[in-house]
Amino acid sequence: MKQKKTLLTLIAILILFVFVFIADQTLDSYKMRILNLCAIYVILGLSMNLINGFTGLFSLGHAGFMAVGAYTTAILTMPDIVKTQNFFMTPMMKPLDTLHVPFFLALLAGGILAGVVGYLIGAPALRLRGDYLAIATLGFAEIIRVVFTNTQSITNGALGLKGIPVSTNIWWTFGLALVTVLIIGSLINSSYGRAFKAIREDEIAAESMGINLFKHKVIAFTIGAFFAGIGGGLLGSLLGTIDPLMFRFFLTFNVLLIIILGGMGSITGTIISAIIITIGGEALRFLDESMTIGSLVIPGISGMRMVVFSALLMIVVIFFNHGIMGTKEFTWDGLFAKFAKKPLAKGGNKQ
Amino acid sequence: MKKVASIFVSALLVGALIATGCGTKTESPSATTGSSASGDVIKIGVFEPMTGANAAGGALEVEGIKLANKLYPEVLGKKVELVLVDNKSDKVEASSAASRLVEKEKVSAIIGSWGSSLSMAAGDIVKKAQVPTVAASATNPLVTQNNDFYFRVCFIDPFQGKVMANYAFSKLNAKRVAIVQEISSDYSIGLSKFFTDSFKELTGDQNAIVGVANYNTGDQDFSAQLTNLKAKNPDVIFAPGNFTESSLLIKQARQLGIKVPIIGGDTWEVPEFISVGQEAVEGAIFSTFFTSEKPITPESEKFLAEYRKANPGVEPAAVTALGYDAYIVILDAIKRANSADSIKIKEQLAVTKDFAGAAGMITLDKNGDAVKDAVIKQVKNGKFTYLDIVKAK
Chain A
1 MKQKKTLLTL IAILILFVFV FIADQTLDSY KMRILNLCAI YVILGLSMNL
51 INGFTGLFSL GHAGFMAVGA YTTAILTMPD IVKTQNFFMT PMMKPLDTLH
101 VPFFLALLAG GILAGVVGYL IGAPALRLRG DYLAIATLGF AEIIRVVFTN
151 TQSITNGALG LKGIPVSTNI WWTFGLALVT VLIIGSLINS SYGRAFKAIR
201 EDEIAAESMG INLFKHKVIA FTIGAFFAGI GGGLLGSLLG TIDPLMFRFF
251 LTFNVLLIII LGGMGSITGT IISAIIITIG GEALRFLDES MTIGSLVIPG
301 ISGMRMVVFS ALLMIVVIFF NHGIMGTKEF TWDGLFAKFA KKPLAKGGNK
351 Q
Chain B
352 MKKVASIFVS ALLVGALIAT GCGTKTESPS ATTGSSASGD VIKIGVFEPM
402 TGANAAGGAL EVEGIKLANK LYPEVLGKKV ELVLVDNKSD KVEASSAASR
452 LVEKEKVSAI IGSWGSSLSM AAGDIVKKAQ VPTVAASATN PLVTQNNDFY
502 FRVCFIDPFQ GKVMANYAFS KLNAKRVAIV QEISSDYSIG LSKFFTDSFK
552 ELTGDQNAIV GVANYNTGDQ DFSAQLTNLK AKNPDVIFAP GNFTESSLLI
602 KQARQLGIKV PIIGGDTWEV PEFISVGQEA VEGAIFSTFF TSEKPITPES
652 EKFLAEYRKA NPGVEPAAVT ALGYDAYIVI LDAIKRANSA DSIKIKEQLA
702 VTKDFAGAAG MITLDKNGDA VKDAVIKQVK NGKFTYLDIV KAK
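Heads up: the sequence lines are chains A and B, in that order. Heads up: the first sequence is residues 1 to 351, going by the working numbering. Heads up: the second sequence is residues 352 to 744, going by the working numbering.
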């Protein structure tokens, strides 16, 4: 049975790659951009879900980690000539202006640096709980942004960076999203994952069972920050330009929205909602345009799609008040049960 | 509960179905007209922040673009259709919006966006797709750099910094200047940098800038920075930045007894600058793109007449005039190219010379930046009044 499931997983991955290959061949760059964004938001959503959903730490520092990843990747991949052009106000700091490494290494460096920053922030801040932790992490994210605004010789300050080589393509984004799903998925199903969930449910009970609270919290936080850095690096390289204002609280909020809608503590839910939110925002654009219903012409109101989008989100949250998936996951067993023994599963289950 | 939920969800789905049905229904006629003739319609994309933090600026620009479209609805005998997409004042969204204009709407040219960083997010996309884009008010030099397909109808930060340095040196007889800059704004630090460079050159004195103080967007209290600068005894204070912070800053400077002239950039030209600063901002001098008091070209008169007819009692903002200019510059290029082909339009845009726009004569240089005169204005009796014009040399 186990072998069969592994086989099925491999087949699913193969299908995913066939899909990516076909998309790469047939879709225009607008649709490709949306697909890339979907995958990047899957990575970001999962990294935040690991911290907020699985370990139950209410952290709002994601934009800060993304900024670290995005800037590191950008600085390490930009060609010298572009760097000189960008830094026309204050020349770039010495070793950095001629430093560059291949895209993957830059991305990895971005992730590691974000992880290090996550560790440095997490070590003191994770002694706090609940709302206090949220405020502390939010503060740290803002500090990172303000530091980036002021270190002109490294980040070009408020001018931002332009001309970052666009190395992100659908293979990178979907490949790394898959890697993220696999790593976080196996982490959750390991003894660490069970410890994370125990901490989420009841810290005192978890501690009395012999779980080292601080160690596990820091591990979750650091790994979350690492993947946030990778996601940030991919995003910066997809856009080709970044500036500190991009990494305001609003960005954290976008990712938070994804995990709350998908279900705090569900990998499947995060994937589904990242795709829904990214595609939904673009698909609803027709609401902004003027409409003709019969002979009635309704002039376009900009922002209408945001109103509708928000209303839809509210409805989802009201009727699925644990998000789309809650803490449930997609499993092959679940799928078989759905097809094979439908009545039995229904009888056995509260649903 | 479960039942109610399922009924509700199905109702929602039906609703969504109807909505999308409507969507496709409305889209099909426009699609047919579009395809039946890429012949009778020329599409110009507009990507602007219509929601989010920069919505006010975006709306002013769109106002100008729509006005121009009303005055000049046709070119080469074909109707010009504006396709407006919202970029939500967000970089990620801005790149998707630009990509949508290029791929889905297949526009011939694009106007936008308010905010340099939003424009930069579209830079790579329009360059790759080879669709010429004209920014109305993005002043960061990086926007058009290394990008043959990005143009703008406003002057850039370096020029504005130079203009103010010249003005401070020759008209205000300043020898020592202090700078207060908004460190989190690319616009403010850009202006400060170029002001510093040209002012040092003009005075021949490396110590002509006696002090530089920084503040962040949203700061309320500037007394520390101002007290510091007051001690340095400058002749003039140059304080480019956002209008809210700037007017508070001027107010506090006057309260601290700083009497020297305070000068700045075009962002000050909004009614809130005066309503927040009140009598304290009296005498403040800044450079801008446009004045409604003294029409610069015949096109300005046409623009002003039309604007005043549509909005009685309101004077147009500079960015509205620039939005108007971005549209007519593109139209002019289409006329000269005699084609709606993107690459031909780009070639003609690049050689735009002495074109009369509402906000002055426009000549595009090799970077695609407009070389044009700057207007100097002063706050007098609670109003922005025209003071001088500085020629682009």
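Glycine residues also receive a C-beta, built at the ideal position from the N, C-alpha and C atoms.
_Partner residues on chain B for Q85/A, Cβ-Cβ distance less than 9 Å_ = Residues of chain B passing the Cβ test: L493, Q496, N497.
*asked:* Contact criterion: CB-CB distance below 8 Å. Does T353/A meet it with respect to chain B?
replied: Nothing in the structure corresponds to residue 353/A, since chain A is present only between 1 and 351.
_Cβ contact check for the region 264-279 of chain A and the region 91-102 of chain A: 3 or more pairs under 8 Å_ = Counting C-beta pairs with one atom in each stretch, the region 264-279 of chain A and the region 91-102 of chain A have fewer than three that are closer than 8 Å, which means they do not touch.
_Cβ distance (whole Å) where I154/A is taken to contact L96/A below 8 Å_ = Correct: roughly 7 Å between the Cβ atoms.
*Along the beta strand (DSSP E) that carries N565/B, what are the first and last residues, could you check?*
560-566 is the span of the beta strand (DSSP E), which, as asked, contains N565/B.
*Just the C-alpha distance for F550/B and K723/B, rounded to the nearest angstrom, thanks.*
Going from the Cα of F550/B to the Cα of K723/B covers about 20 Å.
_If contacts are defined as beta-carbon pairs under 8 Å, then K319/B and F502/B qualify, I think. What distance do you get, rounded to the angstrom?_
This structure does not reach residue 319/B, given that chain B is present from 352 up to 744, and the question cannot be answered.
*Which first and last residues belong to the beta strand (DSSP E) in which L239/A is found?*
Per DSSP, L239/A belongs to no beta strand (DSSP E); it is in the alpha helix (DSSP H), 213-239.
*To the nearest whole angstrom, what separates the beta carbons of F624/B and V632/B, a pair I think is in contact under 8 Å?*
Indeed, because the Cβ distance is near 6 Å, the residues count as touching under 8 Å.
*Straight-line CA distance for I219/A to T278/A?*
Distance from the CA atom of I219/A to the CA atom of T278/A, rounded to whole angstroms, is 29 Å.
_Quick check on the DSSP output: the beta strand (DSSP E) that includes A529/B runs from which residue to which?_
528-533 is the span of the beta strand (DSSP E), which, as asked, contains A529/B.
*asked:* List, in chain order, every chain B residue whose beta-carbon is nearer than 7 Å to that of A337/A.
replied: Proximity of chain B to A337/A at the Cβ level (cut-off 7 Å) is not reached, the minimal Cβ distance being about 20 Å.
*By the 10 Å Cβ neighbour count, where 16 or more other Cβ atoms means buried, how is P400/B classified, buried or exposed?*
Per the 10 Å Cβ criterion, buried.
*Close beta carbons around S447/B, own chain, < 6 Å, minus the five adjacent residues each side*: Same-chain partners within the cutoff: there are none.
*Run the CB neighbour count on Y192/A, radius 10 Å, all protein chains shown included, and call it buried at 16 or more, exposed below.*
Buried, since its Cβ has 16 or more Cβ neighbours within 10 Å.
_Less than 8 Å between CB atoms is the rule here; does E425/B satisfy it with respect to chain A?_
Under the 8 Å criterion on CB atoms, E425/B is classed as non-interfacial with respect to chain A.
*Kindly indicate which three-state DSSP category M291/A falls into: helix, strand or coil?*
Here M291/A sits in strand by DSSP.
*Use the C-beta contact count for D676/B: other C-beta atoms within 10 angstroms, 16 or more gives buried, fewer gives exposed.*
The residue is buried, with at least 16 neighbouring Cβ atoms inside 10 Å.
*asked:* On the criterion of 16 or more Cβ atoms from any shown chain inside 10 Å, does A340/A qualify as buried, or is it exposed?
replied: By the neighbour-count rule (16 or more Cβ atoms within 10 Å), A340/A is not buried but exposed.
*Could you confirm whether any beta carbon from chain A is found closer than 8 Å to the beta carbon of D548/B?*
Closer than 8 Å: no.
*Roughly how many angstroms lie between the CA atoms of H322/A and V255/A, to the nearest whole one?*
Straight-line Cα distance between these residues: approximately 16 Å.
_Judging by CA-CA distance, which residue of G512/B, L553/B, N497/B is the nearest neighbour of S521/B?_
The residue among G512/B, L553/B, N497/B with its C-alpha nearest the C-alpha of S521/B is L553/B.
_Straight-line Cα distance separating A136/A from I395/B_ = Rounded to the nearest angstrom, the two C-alpha atoms are 47 Å apart.
*Apart from the five residues on each side of it in sequence, which residues of its chain come closer than 7 Å, Cβ to Cβ, to I209/A?*
The sequence given here places Met at residue 209/A; Ile does not occur at that position. Listed in chain order, the non-local C-beta contacts of M209/A below 7 Å within the same chain comprise A198, local neighbours out to five positions each way being set aside.
*Minimum Cβ-Cβ distance from A70/A to chain B less than 8 Å*: At least 8 Å separates the CB of A70/A from every CB of chain B.
*Interface partners of V166/A on chain B, CB under 7 Å*: Per Cβ cutoff of 7 Å: D475.
*Applying a beta-carbon distance threshold of less than 7 Å, which residues of chain A neighbour A472/B?*
In chain order: L239, T241.
*Short CB-CB distance (under 8 Å) between H216/A and chain B*: No, no contact with chain B.
_Residues that Y356/A contacts on chain B, provided the C-beta gap is smaller than 8 Å_ = An answer regarding residue 356/A cannot be provided, because it is not within the stretch 1 to 351 covered by chain A.
*Would you mind telling me which residues of chain B sit closer than 8 Å to E282/A, beta carbon to beta carbon, in chain order?*
Within chain B, the residues whose beta carbon sits less than 8 Å from that of E282/A are S447, R451, listed in sequence order.
*Please go through the same chain and pick out, in chain order, the residues whose beta-carbon is closer than 7 Å to the beta-carbon of M471/B, but skip the five residues on each side of it.*
Exclusion of the five residues before and after M471/B leaves L493, V494 as the residues of its chain whose Cβ lies within less than 7 Å of its Cβ.
*From the DSSP output, read off the bridge partner residues of F148/A.*
Answer by DSSP bridge pairing: none, since F148/A is not bridged.
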